[in-house]
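For the sequence shown, counting from 1, position 11 maps to -8 in the numbering used here; every step adds exactly one. Ideal placement from N, C-alpha and C gives every residue a C-beta, glycine not left out. To start, the structure itself, in structure tokens.
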Amino acid sequence: MGSIRLSAWTAASSSPAARGFPPSDWRGRVRGRRRRAHCAPPSAPPPPSLGASSRLRVGTQHELLWDCRGGGLGGGGRRDYAKEMEAAVRVVQVACTLCQRVQDSLLLANPAGSGSNSGGVHSKLDRSPVTVAEEDDQTLSSSDGTALLESVVAAVNGCLVEAPKYGLRSPEKDLRASDVLQAIRKCSSAGGPKGRFWVLDPVDGTLGFVRGDQYAIALALIEDGEVVLGVLGCPNYPMKKEWLNYHQRYYRLMSKVAPPASGSWNKGCVMYAHKGCGQAWMQPLVHDFGMLNWHNSREIQVSSVSDPVSATFCEPVEKANSSHSFTAGLAHSVGLRKQPLRVYSMVKYAAIARGDAEIFMKFARAGYKEKIWDHAAGVVIIQEAGGVITDAGGCPLDFSRGVYLEGLDRGIIACSGALLHHRILEAVDASWNSSTL
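Now the structure itself:
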């Protein structure tokens, strides 16, 4: 997974928004070896409100894309996040272009996509792959980081020149190395239950990124411990879900053999949603279409499949932080018959939100701690698209306790509907004591 970029947002904010789950005196029952009390039962979001107070505004480039005052959960007490949403979508679009260019250069330098230390790839101290699309100021400021810093600055300036395509203003002159380092150093928030900050994963799924496969750019706004909006850029996400079963290199090869029609939307998208609107949206990449146009946005919804036999479930590719054997046992016990869809990054969340899969399960091994930037944007998008996501005890994920999802009960379960979600919770309870996790 990618690294953290937490940025404090100091603008004045309104009163805290209501939580995504209604008050309840429901108490968690004993699940395996653990007990979770006072946890509201999971429920799907209310149906979309398509009235004048909750709609996507698409028109001229100067119109806001989002207007959700009074619609959805929380009613009129919710503040309007139109400006924040518009800025976030535009910024993620720019980031997608930057990352695609870096990935393309990596593939030219290393056509096999092995992820070896060539081109712009090197390793962190924890041995995870890193590229010029994702770096911290300590590495870039070191004596060994001069060449890498130059590459980062050049990549950033190359995208900012084209800012008008995204509805943004270009800087009057190129950024210097000191400007880039100063911007990175501002990302120093530790999160927590109070305040307002952005959380960014610049390259979620770095292993998929350096191998030329799936990855994501994830940006979310957290206010007083609650994720209030999320934007998820998936540059390699194919529009035909069948292609998710293949490595992206194969898709690239087939696209050369049978090129897609000019101007058609074949792969890559940016998804976004605001807490409480009951709607989620998707638009194509500016990188492929040439100009940001809100007319190209379309609403997305989770799948209506509720029969496990017909359901598709996703899980991480990496075995290091997820137990494939445990999820395989759960899949068998609830009647899932399809092979798991193993995808890098938060693209798994995108697949559920768009209706291309019905279930995501992740059960990390003892000692592994989930980070908020690996989930924040995807969680709100799935919820607003009609899905349900909780920990394995049925409680909502808690983003109010710093940079980790502290208090997480065993694992994470996301589903397109409450019925599938309930069946998996029951299966976890029944099999947890016999697991090695």
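Cβ-based neighbour list, residue i, same chain, cut-off 6 Å, excluding 5 preceding and 5 following
| i | result |
| --- | --- |
| residue 415 | none |
| residue 302 | 345 and 349 |
| residue 299 | none |
| residue 118 | 162, 165 and 166 |
| residue -4 | Low confidence applies here, because residue -4 scores a pLDDT of 31, under 50, leaving its location unreliable and the question unanswered by this model. |
| residue 361 | 208, 211, 254 and 256 |
| residue 246 | 220 and 265 |
Of the residues the options, the one placed nearest residue i, counting alpha carbons only
| i | options | result |
| --- | --- | --- |
| residue 366 | 382, 263 and 181 | 263 |
| residue 71 | 168, 362 and 140 | 140 |
| residue 381 | 160, 171 and 68 | 171 |
| residue 284 | 389, 388, 337 and 246 | 337 |
| residue 178 | 136, 399 and 205 | 205 |
| residue 319 | 291, 333 and 334 | 291 |
| residue 176 | 413, 286, 383 and 393 | 383 |
| residue 279 | 258, 251, 255 and 271 | 251 |
| residue 271 | 77, 361, 183 and 67 | 77 |
| residue 135 | 174, 82, 183 and 347 | 82 |
| residue 220 | 266, 364 and 184 | 266 |
| residue 207 | 89, 379 and 123 | 379 |
| residue 259 | 364, 371 and 389 | 364 |
| residue 149 | 393, 371, 69 and 389 | 69 |
| residue 184 | 393, 217 and 173 | 217 |
Short Cβ contact (8 Å threshold) for residue i with residue j
| i | j | result |
| --- | --- | --- |
| residue 396 | residue 359 | no |
| residue 201 | residue 328 | no |
| residue 212 | residue 147 | no |
| residue 343 | residue 377 | no |
| residue 391 | residue 373 | yes |
| residue 401 | residue 339 | yes |
| residue 357 | residue 215 | no |
| residue 412 | residue 314 | yes |
| residue 321 | residue 404 | no |
| residue 273 | residue 74 | yes |
Exposure of residue i, with buried meaning 16 or more beta-carbon neighbours within 10 Å
| i | result |
| --- | --- |
| residue 125 | exposed |
| residue 268 | buried |
| residue 65 | buried |
| residue 446 | Nothing can be reported for residue 446, as the shown portion of the chain is limited to -18 through 418. |
| residue 79 | buried |
| residue 6 | Bear in mind that the predicted position of residue 6 carries a pLDDT of just 28, short of 50, making it too unreliable to give a figure here. |
| residue 87 | buried |
| residue 248 | buried |
| residue 308 | buried |
| residue 127 | exposed |
| residue 316 | exposed |
| residue 153 | exposed |
| residue 375 | buried |
| residue 53 | Confidence at residue 53 is low in this model, with a pLDDT of 33, below 50, so the placement of that residue should be treated as unreliable; the coordinate-derived value is given next. So residue 53 counts as buried. |
| residue 389 | buried |
N- and C-terminal bounds of the alpha helix (DSSP H) containing residue i
| i | result |
| --- | --- |
| residue 255 | Element bounds for residue 255: not the alpha helix (DSSP H) but the beta strand (DSSP E), 248 to 255. |
| residue 163 | 158 to 166 |
| residue 299 | Taken as a continuous stretch (DSSP letters only), residue 299 belongs to no alpha helix (DSSP H), as it is neither H nor E. |
| residue 269 | 267 to 270 |
| residue 344 | Careful: residue 344 lies outside any alpha helix (DSSP H) and carries neither H nor E. |
| residue 189 | 187 to 191 |
| residue 469 | Missing from the structure shown is residue 469; the chain here goes from -18 to 418 and no further. |
| residue 120 | 118 to 122 |
Continuous beta strand (DSSP E) stretch holding residue i: start and end
| i | result |
| --- | --- |
| residue 176 | Per DSSP, residue 176 belongs to no beta strand (DSSP E) and is neither H nor E. |
| residue 396 | 393 to 396 |
| residue 353 | Element bounds for residue 353: n/a, residue is neither H nor E. |
| residue 409 | Note, residue 409: premise wrong, no beta strand (DSSP E); alpha helix (DSSP H) at 399 to 412. |
| residue 454 | This structure cannot speak to residue 454, because the chain is shown only from -18 to 418. |
| residue 199 | 197 to 204 |
| residue 369 | 369 to 372 |
| residue 261 | 261 to 264 |
Same chain only: Cβ atoms within 7 Å of residue i, ignoring 5 sequence neighbours per side
| i | result |
| --- | --- |
| residue 151 | 141, 142, 144 and 145 |
| residue 325 | 186, 188, 189, 194, 195, 196 and 298 |
| residue 286 | 292, 339 and 397 |
| residue 123 | none |
| residue 222 | 337 |
Residue i beta carbon near the ligand COA (any heavy atom closer than 7 Å)
| i | result |
| --- | --- |
| residue 339 | In the structure on display, the ligand COA does not appear, and there are no ligands present to speak of. |
Residues near residue i in its chain [Cβ-Cβ closer than 8 Å; skip 5 each side]
| i | result |
| --- | --- |
| residue 281 | 252, 261, 262, 263, 334, 335, 336 and 366 |
| residue 131 | 158 |
| residue 138 | 155 and 156 |
| residue 294 | 308, 312, 317, 319, 321, 322, 338, 339, 340, 341 and 342 |
| residue 173 | 206, 381, 382 and 383 |
is_contact[residue i, chain D] using C-beta, thresh 8 Å
| i | result |
| --- | --- |
| residue 292 | This model lacks chain D altogether, as it is built from one protein chain only. |
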